[in-house]
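Asker: Below is one structure. I have some questions about it.
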Amino acid sequence: TRVRVEKAVELMKKPEFSVEQVSKAIGFKSQSYFAEVFRKYIGVTPLIYKNSLF
């Protein structure tokens, strides 16, 4: 799971990918579960993380 989150972080650095696209690309069927797992490892939700990049 950690590897998937690390891949998500890399994909989110690309502005053309939405959080939903990232979650599907790394294999999460549920965006809410992805957000939960992402927050556990990174400390913030995927949307907050992505918005902080741009």
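Oh and the sequence shown: position 18 is 14 in this note's numbering, straight run, nothing missing.
We treat Cβ as the ideally placed atom computed from N, Cα and C, and that holds for glycine.
Any idea what DSSP makes of P42, helix, strand or coil?
Answerer: helix
Asker: Which same chain residues end up closer than 7 angstroms to F13 when comparing Cβ atoms and leaving out the 5 residues on each side of it in sequence?
Answerer: L7
Asker: Mapping DSSP to helix, strand and coil, what is K36?
Answerer: Per DSSP, reduced to three states, the secondary structure at K36 is helical.
Asker: Please state whether DSSP places E16 in a helix, a strand or coil.
Answerer: helix
Asker: Closest to K20 by C-alpha separation, out of K3, N47 and T41, would be which residue?
Answerer: K3
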